[in-house]
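Protein chains: 2
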Amino acid sequence: MLSEKMQKQLKKESPIRRAFEEGKRLEKIYGPENVFDFSIGNPGAEAPGGIKKSVLKLMNKNPMELHSYMCDAGYETVRIRIAETINARYGTDFKEHNIIMSSGAAGAMNIAMYSLINPGDEVIVIKPYYPGYASFIDNWNGKLVSVKPDPEDFQPDFEDFEEKITEKSKLVIVNSPNNPTGAVYTEETIIRLAGIMKKKEKEYGHEIYLISDEPYRELVYKEKEPPYWTKYYADTLVAYSFSKSLSIPGERIGYLVVPDEVSGSKDLIKAVRIATGMLGFVNAPSLFQRVAAECLEEKVNIEYYRRNKNLLYDKLCELGFEMKEPEGAFYLFVKVPGGDEKAFLSAAHSCNILLVGGTAFEYPGYARISFCVSFNKIRRSLPAFERLAKKLKVQGGNKFGEKSS
Amino acid sequence: MLSEKMQKQLKKESPIRRAFEEGKRLEKIYGPENVFDFSIGNPGAEAPGGIKKSVLKLMNKNPMELHSYMCDAGYETVRIRIAETINARYGTDFKEHNIIMSSGAAGAMNIAMYSLINPGDEVIVIKPYYPGYASFIDNWNGKLVSVKPDPEDFQPDFEDFEEKITEKSKLVIVNSPNNPTGAVYTEETIIRLAGIMKKKEKEYGHEIYLISDEPYRELVYKEKEPPYWTKYYADTLVAYSFSKSLSIPGERIGYLVVPDEVSGSKDLIKAVRIATGMLGFVNAPSLFQRVAAECLEEKVNIEYYRRNKNLLYDKLCELGFEMKEPEGAFYLFVKVPGGDEKAFLSAAHSCNILLVGGTAFEYPGYARISFCVSFNKIRRSLPAFERLAKKLKVQGGNKFGEKSS
Numbered sequence: 133m134l135s136e137k138m139q140k141q142l143k144k145e146s147p148i149r150r151a152f153e154e155g156k157r158l159e160k161i162y163g164p165e166n167v168f169d170f171s172i173g174n175p176g177a178e179a180p181g182g183i184k185k186s187v188l189k190l191m192n193k194n195p196m197e198l199h200s201y202m203c204d205a206g207y208e209t210v211r212i213r214i215a216e217t218i219n220a221r222y223g224t225d226f227k228e229h230n231i232i233m234s235s236g237a238a239g240a241m242n243i244a245m246y247s248l249i250n251p252g253d254e255v256i257v258i259k260p261y262y263p264g265y266a267s268f269i270d271n272w273n274g275k276l277v278s279v280k281p282d283p284e285d286f287q288p289d290f291e292d293f294e295e296k297i298t299e300k301s302k303l304v305i306v307n308s309p310n311n312p313t314g315a316v317y318t319e320e321t322i323i324r325l326a327g328i329m330k331k332k333e334k335e336y337g338h339e340i341y342l343i344s345d346e347p348y349r350e351l352v353y354k355e356k357e358p359p360y361w362t363k364y365y366a367d368t369l370v371a372y373s374f375s376k377s378l379s380i381p382g383e384r385i386g387y388l389v390v391p392d393e394v395s396g397s398k399d400l401i402k403a404v405r406i407a408t409g410m411l412g413f414v415n416a417p418s419l420f421q422r423v424a425a426e427c428l429e430e431k432v433n434i435e436y437y438r439r440n441k442n443l444l445y446d447k448l449c450e451l452g453f454e455m456k457e458p459e460g461a462f463y464l465f466v467k468v469p470g471g472d473e474k475a476f477l478s479a480a481h482s483c484n485i486l487l488v489g490g491t492a493f494e495y496p497g498y499a500r501i502s503f504c505v506s507f508n509k510i511r512r513s514l515p516a517f518e519r520l521a522k523k524l525k526v527q528g529g530n531k532f533g534e535k536s537s
Numbered sequence: 133m134l135s136e137k138m139q140k141q142l143k144k145e146s147p148i149r150r151a152f153e154e155g156k157r158l159e160k161i162y163g164p165e166n167v168f169d170f171s172i173g174n175p176g177a178e179a180p181g182g183i184k185k186s187v188l189k190l191m192n193k194n195p196m197e198l199h200s201y202m203c204d205a206g207y208e209t210v211r212i213r214i215a216e217t218i219n220a221r222y223g224t225d226f227k228e229h230n231i232i233m234s235s236g237a238a239g240a241m242n243i244a245m246y247s248l249i250n251p252g253d254e255v256i257v258i259k260p261y262y263p264g265y266a267s268f269i270d271n272w273n274g275k276l277v278s279v280k281p282d283p284e285d286f287q288p289d290f291e292d293f294e295e296k297i298t299e300k301s302k303l304v305i306v307n308s309p310n311n312p313t314g315a316v317y318t319e320e321t322i323i324r325l326a327g328i329m330k331k332k333e334k335e336y337g338h339e340i341y342l343i344s345d346e347p348y349r350e351l352v353y354k355e356k357e358p359p360y361w362t363k364y365y366a367d368t369l370v371a372y373s374f375s376k377s378l379s380i381p382g383e384r385i386g387y388l389v390v391p392d393e394v395s396g397s398k399d400l401i402k403a404v405r406i407a408t409g410m411l412g413f414v415n416a417p418s419l420f421q422r423v424a425a426e427c428l429e430e431k432v433n434i435e436y437y438r439r440n441k442n443l444l445y446d447k448l449c450e451l452g453f454e455m456k457e458p459e460g461a462f463y464l465f466v467k468v469p470g471g472d473e474k475a476f477l478s479a480a481h482s483c484n485i486l487l488v489g490g491t492a493f494e495y496p497g498y499a500r501i502s503f504c505v506s507f508n509k510i511r512r513s514l515p516a517f518e519r520l521a522k523k524l525k526v527q528g529g530n531k532f533g534e535k536s537s
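The listed protein sequences derive, respectively, from chains A and B. In the working numbering, each residue carries its 1-based index in the first sequence increased by 132. In the working numbering, each residue carries its 1-based index in the second sequence increased by 132.
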């Protein structure tokens, strides 16, 4: 009785969801303080104080101004402020019409993909990748084509990228800072990817669009923010979310940027606005559109995540686990000692540590550790990781990437 | 470059959106006080005071409790309260797992339809109907099959309903109180429709699901609330929205009810939760889930709409326009004098009155008047309707339905 599509989905298990639910089960048995659930990307840093202030201030407005339907693309004033802020930061020249408010980056990607993908169109993603992409592509009967990363720094493998772009390629998805690796694409990477796509657009005589999925844009441990894609590649759409930058993932607020430089931008802007209605979003949640616009200068508490990263990364290195140090986002992507992912997850589970295997990201032999939990949780998890290392007879410091040198 | 589906959409025009935008244009020329935009269903009654109180109270909570991701079906506590309230009102026996929080009724319908519809499946709607249904059905490549109403009371035409249900029928959509007619289905109607569907389920040996789309449930001008569908037909899903009952349409908050009695309910509940993620909703907006749960006892200001309805209905009858008096929702569905819809809309436009033609609801020869605007706006529009009546040489009182008696 279910649609065939959903029947297929029901047979799949979501490893992230499963780990999360297993964590809740273990917490009931052992107590929350003895379970180390690193499965889910729920931002642990408290929402900046500006959020509360802004909500309280806004609630003095006439309720009709706060909670009514507005234009399907979102409040004009909100979109102007967002465009101005992006322009000031990245030297772009966006206007209000280039910004379409959305239900987070996931909503932004769905309205864009509905507007672009015909059944059978190929959508290129770079491994390892957020499993949601496979769902979004499947919604519109696109075909996911995955590209290898450089196994040592998780930048894309450019040769494989070039090979995988075919006549049927409609769209490329990039995600930097990256979930699950924590890699941040360098400017050189962006220039090279853009160059390949431009060449292929010419070769095939049609557009190859790019969606830059950027929920972690401000979450970087280096000084410089990642380059803004639209300046390097004309056919770029940006899917942004306030979920991580303002720690408000439950509020479902983000936006899609469709620059005027994008081929057919006028029709595409109309299309994503129509898709907002057709899919039942109707508009991004009204109060939090205004809240987000008032909090554009609020900063994510990057020190919260840096402290977690440093403590956990240093400890795991010392214990002999192999991984690249994350440059952004809040994930560690650890190589599975010995390579048996299932055995590793199970050993971790026996130490009350819940992780998500790399298979979920189409990259087996790894495991993702979401370190967006509290610092205390990280501290208390260290003896559990020690037990895990002992169990697996891991030793000798982080040798990740050493084989190549 | 756009998907074929979107190319088709772009060629269609949304008459509601067009009228709304035309209204904004005219307001700039003539001043907002001289333009009578009855095109859109934006609830004019102010949100009950409980909304603001509840937001202010909730903001004292830890932000982590307010704005984080939660279970994809929504907060457990919220769903328990909603289930209890429905049970108390309608004698049902829902538990928390039967309630899935959604982005309004539109979001609820989309996750349900994604979970049920295979390409080519037939979805039955009763004319005239909210144009969004056609979009939602088209998203999943279903086939819309429309059923005639009784032209005098806008209850369904039962014979046509029975004829239109075929082997391929997967789903029926009902909407009472109805947009655009204001009709409320009687208990007799519900019993007869349910009887036909039960018969057809047996005849074809498969489920025929029903979605009752209920954003206007509490918006009735009679004493009794409309009967609760799940008690009459087992395979019923209810799509509910707080948009109209709490005047918060921009906040995108509603829920889907999947009763245990529904065939395959366990899998269906899993499926709609998965669809919530796949489509990018992820979860219903978090703060307003709690606000809605705290405001379940708040009442829609029905007197606000009744006063509008009475003034406008009485005046239009007096002028000689023909229409059925609405029993619920906030629309008048007026018969076009002479039958030329386009000419009528254009004559109304020349009086600065903006309406939506019946064609948008697959019911030409009528026009919808959304009377959810302010009472003052209604009052000030009366001379414009007088001019319209004069222009069209309408006279003699409302004769709607008289021909049959």
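Even glycine gets a Cβ: it sits at the ideal position worked out from N, Cα and C. Given the structure is predicted, the values throughout are model-derived calculations rather than measurements.
Between the Cα of residue i and the Cα atoms of the options, which residue gives the shortest distance?
{"i": "D270/B", "options": "K184/B, V279/B, D169/B and N250/B", "result": "N250/B"}
{"i": "N174/A", "options": "S506/A, G528/A, K522/A and L520/A", "result": "S506/A"}
{"i": "Y353/B", "options": "E393/B, R324/B and N442/B", "result": "N442/B"}
{"i": "E335/B", "options": "Y360/B, A416/B and I297/B", "result": "I297/B"}
{"i": "F293/A", "options": "D169/A, S200/A, V255/A and F268/A", "result": "V255/A"}
{"i": "E473/A", "options": "G452/A, P496/A, L451/A and E457/A", "result": "P496/A"}
{"i": "K431/A", "options": "D446/A, S247/A, D204/A and E178/A", "result": "E178/A"}
{"i": "S379/B", "options": "I406/A, S418/A, E159/A and G264/A", "result": "S418/A"}
{"i": "E346/A", "options": "I485/A, G236/A, E136/A and D446/A", "result": "G236/A"}
{"i": "I258/A", "options": "L276/A, G252/A and A480/A", "result": "L276/A"}
{"i": "I501/B", "options": "L444/B, T224/B and A479/B", "result": "L444/B"}
{"i": "A425/B", "options": "I218/B, Y463/B, D282/B and Y437/B", "result": "I218/B"}
Per DSSP, what are the beta-bridge partners of residue i in this structure?
{"i": "F168/B", "result": "I485/B"}
{"i": "G264/B", "result": "Answer by DSSP bridge pairing: none, since G264/B is not bridged."}
{"i": "S564/A", "result": "Since the first residue shown for chain A is 133 and the last is 537, residue 564/A is missing from the structure and cannot be characterised."}
{"i": "P288/A", "result": "P281/A"}
What residue does the beta strand (DSSP E) around residue i start on, and which one ends it?
{"i": "I380/B", "result": "No beta strand (DSSP E) contains I380/B, which DSSP labels as neither H nor E."}
{"i": "Y498/B", "result": "Y498 to S502"}
{"i": "S278/B", "result": "K275 to V279"}
{"i": "S234/B", "result": "I231 to S234"}
{"i": "I161/A", "result": "No beta strand (DSSP E) contains I161/A, which is instead part of the alpha helix (DSSP H) from P147 to Y162."}
{"i": "V257/B", "result": "E254 to I258"}
{"i": "L388/A", "result": "G386 to V389"}
When we look at the beta-carbon of residue i and count the other beta-carbons within 10 Å, is it buried (16 or more) or exposed?
{"i": "E291/A", "result": "exposed"}
{"i": "P515/A", "result": "exposed"}
{"i": "S537/B", "result": "The predicted model places S537/B with a pLDDT of 37, which falls under 50 and marks its position as unreliable; any figure quoted below should be read in that light. Exposed."}
{"i": "T209/B", "result": "exposed"}
{"i": "K467/A", "result": "buried"}
{"i": "P288/A", "result": "buried"}
{"i": "P358/B", "result": "buried"}
{"i": "E319/A", "result": "exposed"}
{"i": "R422/A", "result": "buried"}
{"i": "R511/B", "result": "exposed"}
{"i": "E145/A", "result": "exposed"}
First and last residue of the alpha helix (DSSP H) that includes residue i?
{"i": "I212/B", "result": "E208 to Y222"}
{"i": "I183/A", "result": "G181 to L190"}
{"i": "G409/B", "result": "S397 to M410"}
{"i": "M202/B", "result": "Element bounds for M202/B: n/a, residue is neither H nor E."}
{"i": "L134/B", "result": "Here L134/B belongs to no alpha helix (DSSP H), and DSSP marks it neither H nor E."}
{"i": "S513/A", "result": "F507 to L524"}
Measure from the C-beta of residue i to each C-beta in chain D and report whether the shortest distance is under 8 Å.
{"i": "R384/B", "result": "In summary, chain D is missing from the structure at hand, where the protein chains are A and B."}
Review point. Whole alpha helix (DSSP H) runs in the region 306 to 378 of chain A with 4 or more residues, listed along the chain?
Key: As far as the region 306 to 378 of chain A is concerned, its whole alpha helix (DSSP H) runs of at least 4 residues are 319 to 336.
Point to revise | Length at least 3, wholly inside the region 413 to 487 of chain A: the beta strand (DSSP E) runs in chain order | key: 463 to 467
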